[in-house]
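Trainee: I have a structure here, written as structure tokens, and I will follow up with some questions on it.
There are 2 protein chains.
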Amino acid sequence: MEDSTRTAPLNLPKTKPIRCIVKLGGAAITCKNELEKVNEENLEIVSSQLRQAMITGSGSQKVIGMDWSKRPGKSEISCEMDNFEDQTLMDSSSFVVVHGAGSFGHFQASKSGVHKGGLHKLLVRAGFVATRISVTTLNLEIVRVLAREGIPSIGMSPFSCGWSTSERNLKSADLSMVAKAIDSGFVPVLHGDAVLDVLQGCTILSGDVIIRHLAAYLKPEYVVFLTDVLGVYDRPPSEPNAVLLREIAVNEDGSWYVVKPARQDMNKQVEITVAAHDTTGGMETKISEAAMIAKLGIDVYIVKAATSHSLRALSGEVRSSIPDDWLGTVIRFVDKRNC
Amino acid sequence: MEDSTRTAPLNLPKTKPIRCIVKLGGAAITCKNELEKVNEENLEIVSSQLRQAMITGSGSQKVIGMDWSKRPGKSEISCEMDNFEDQTLMDSSSFVVVHGAGSFGHFQASKSGVHKGGLHKLLVRAGFVATRISVTTLNLEIVRVLAREGIPSIGMSPFSCGWSTSERNLKSADLSMVAKAIDSGFVPVLHGDAVLDVLQGCTILSGDVIIRHLAAYLKPEYVVFLTDVLGVYDRPPSEPNAVLLREIAVNEDGSWYVVKPARQDMNKQVEITVAAHDTTGGMETKISEAAMIAKLGIDVYIVKAATSHSLRALSGEVRSSIPDDWLGTVIRFVDKRNC
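Protein chains in written order, with UniProt numbering: chain B, 1 to 339; chain X, 1 to 339.
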């Protein structure tokens, strides 16, 4: 990954303050074991929580659906125009949503080796097309569920927005359209995508890298990763005795250590355990990515999607101090100069 | 519309020569009288013709499908990897596809008045979201049908690509990603879209305006408009005695006149007849847009989709001289200095 400052868009318009960037983890919003299937139940709860977190006092207000598509089996589109008459435009604070691929895109990408490049090969070119179809299908589904919940969501593909890489590292990323969409009152919904690579032709740009870049430029108050487990554990959470790490501190050099629960050598143990089962970039990548965001002074919460804990994290309720009954992992920068 | 030169991207990469920009007219690829319904039969024929026109000698080759999505009712994705082994990458000449909205998007846009702007109103903001959901749904469907036909199609939304307007006139349009996609061997598929407007907040950017701008910068050899009638008539084609205009000549000042069939005052008659029934920008807008493209020295063919005539137009077969048995409308620049 190049230094983010080198990929800065030169004329990024002044954006209104961003409250939160949310990552909808692929495992949390799709069915892991079924190809190209959205976890609708989870996604609907996540959308409802996002709405509650985003729109002040939205609990008492009627939801104004923004997906006016024809429903299966119906011949007409219905949108209740009356709903709009007595509604004032609520000031929704700015959120940006980024989602992973889960059971979308992976099959197509791995079968063809899109991440390794080589667009001159028919298989890779076909896989690139197939991967983009799969991830944009998921993106559209997510945008629609959010819109039904009254969130003014706008799908934005990193490929179309001009994001590209060089030897798999982010090379250019035009944030101007993302910033303009936010300033116009929309919630951009980005996603992990197949993109062009200057040196190897093409590759896969992960949602986590996108989040980090967005965080560096949009400087949100906090970042929330919604996953399918309670947070980061000291070993695979399926193992007996796996311990949930409640708080991780990040040093200025990007290294990190476990603050809570306090235990000697916890950091080392995590690294070893994670490395053993996680070759494709799961928890360790997640901690590293999160640490790089925390280093910017932005608190990161890793929390289980569609739980009371995720609602509290999204609402910013745990920002000042972490309640004892809140389950999740906080990753924070520790400025030693202030100690 | 501002002078196109003022919206020029400053650093448009050198693109390989574009053979053809194709407009898939909304009326030709969707069912006019049924909301949000694709005309699958037409779209499949159009895709097959595009493939034949695009890929030299593709007639004898097996189609290598590039949509590897899960089919309804199946639990697995099938892609025959063997197909790729014995295939060399055929040199497909560069095409760009732009489609209209047809029965997608119009309901959402007109109900909310997205074209008139006013994003501070909840109704307009919701309509903007709903319109984008509808047109991107259509875009994804078209990309998938093209990909199934072996065309390496890549959906690119003008909104995400940074296209915006000022008082409804095109203000900025970043063509760099479109150019890069073409250079990487893909076929960009753009569409009429809801976009941001500097002065009024938002509006609708039509596929025809997109085509004109693309033509000005990509300088294709020719442009084909696929519609649901044989071409441009001297009056609404449903009227008795409506005459198909076979050839229209465009002057340097953008004015135009009918060359074939030769008839006195034909031009004037068309204008009057068209204006009477066509308030929303149908044929007259189409001729004006086409005339502006022709003025650049690029031949424009307006032809009925999914016919033998459309295949001949797409293949460039009618370029040197128009065969007598070809039905359609040619719009060409007449450089008087050469007369």
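We treat Cβ as the ideally placed atom computed from N, Cα and C, and that holds for glycine.
Over what stretch of residues does the alpha helix (DSSP H) that includes B:E44 continue unbroken?
Mentor: Looking at the DSSP string, the run of the alpha helix (DSSP H) that includes B:E44 is 40-54.
Trainee: Of all the options B:N33, B:V243, B:M66, which has the alpha carbon lying nearest to the alpha carbon of B:A147?
Mentor: The option with the nearest alpha carbon to B:A147 is B:M66.
Trainee: Inspect the beta-carbon positions of B:I133 and X:L140 and report whether they are closer than 9 Å.
Mentor: yes
Trainee: List the residues of chain B that X:K180 touches, going by C-beta distances under 9 Å, in chain order.
Mentor: G162, S164, L196
Trainee: Run through chain X and tell me which residues come within less than 8 Å of B:L199, C-beta to C-beta.
Mentor: In chain order: nothing, as chain X lies at least about 13 Å away.
Trainee: Quick check: is the beta carbon of X:W326 nearer than 9 Å to any beta carbon in chain B?
Mentor: no
Trainee: Does DSSP put X:V330 in a helix, a strand or coil?
Mentor: If DSSP states are grouped into helix, strand and coil, X:V330 belongs with the strands.
Trainee: Closer than 9 Å, CB to CB, is X:H120 near chain B or not?
Mentor: yes
Trainee: Considering only DSSP beta bridges, list what B:W256 is partnered with.
Mentor: B:V250
Trainee: Closer than 6 Å by C-beta to X:L24: which residues in its own chain qualify, once you throw out the five before and the five after it? Chain order, please.
Mentor: H99, L226
Trainee: Would you kindly check if the distance between the Cβ of B:P323 and the Cβ of X:V129 is under 9 Å?
Mentor: no
Trainee: Could you spell out the range, first to last residue, of the beta strand (DSSP E) harbouring B:D193?
Mentor: The continuous beta strand (DSSP E) containing B:D193 extends over residues 193-197.
Trainee: Would the region 307-317 of chain X and the region 213-230 of chain X be scored as touching if the rule is three or more Cβ pairs under 8 Å?
Mentor: yes
Trainee: With which residues is B:D299 paired in a DSSP beta bridge?
Mentor: B:Y222
Trainee: Taking only the alpha-carbon atoms, compute the straight-line gap between X:A109 and X:Q200 and give it to the nearest angstrom.
Mentor: 15 Å
Trainee: Which residue wins for smallest C-alpha separation from X:C31, given the options X:G73, X:S103, X:G162, X:P188?
Mentor: X:S103
Trainee: Let me check understanding here. Comparing Cα to Cα, which of X:L244, X:S255, X:E252 lies closest to X:A262?
Mentor: X:L244
Trainee: B:P188: buried (16+ other C-beta within 10 angstroms of its C-beta) or exposed?
Mentor: buried
Trainee: When the cut-off is 9 Å and only beta carbons count, does B:D3 lie next to chain X?
Mentor: At B:D3, the pLDDT of 42 sits below 50, so the modelled position is not reliable and the matter cannot be decided from this model.
Trainee: Between which residues of its own chain and B:K260 is the CB-CB distance below 6 Å, once the five residues before and five after are set aside?
Mentor: R246, E247
Trainee: Alpha carbon to alpha carbon, what distance is there between B:S47 and B:I55?
Mentor: Take the alpha-carbon of B:I55 and the one of B:S47: they are about 12 Å apart.
Trainee: Interface residues of chain X around B:Q108 at Cβ under 7 Å?
Mentor: W68
Trainee: Should B:L311 be counted as a contact of the ligand GTP given a C-beta to heavy atom distance under 8 Å?
Mentor: No copy of the ligand GTP appears in this structure; indeed no ligand is present at all.
Trainee: If you measure between the beta carbons of B:V96 and B:V209, is that distance less than 9 Å?
Mentor: no
Trainee: So which residues on chain X does B:E239 lean against when the C-beta distance must stay under 7 Å?
Mentor: Here the premise fails: no neighbours, minimum Cβ distance about 30 Å.
Trainee: Excluding the five sequence neighbours on either side, which residues of its own chain have a C-beta within less than 7 Å of the C-beta of B:S206, listed in chain order?
Mentor: G192
Trainee: Considering only the alpha carbon of each residue, which of B:P240, B:E221, B:S308, B:H115 lies closest to B:V198?
Mentor: B:H115
Trainee: Just to confirm the assignment, what range does the alpha helix (DSSP H) spanning X:N169 have?
Mentor: Membership of X:N169 in any alpha helix (DSSP H) is not indicated; the residue belongs instead to the beta strand (DSSP E) covering 169-172.
Trainee: Go to B:L24, then tell me how far its alpha helix (DSSP H) extends in each direction, as first and last residue.
Mentor: Segment 18-24 is the beta strand (DSSP E) holding B:L24; no alpha helix (DSSP H) there.
Trainee: In three-state terms, what does DSSP make of X:S153?
Mentor: strand
Trainee: Using 9 Å as the threshold, is the C-beta distance between X:V303 and X:L230 below it?
Mentor: yes
Trainee: Is there a Cβ of chain X sitting closer than 9 Å to that of B:G316, yes or no?
Mentor: no
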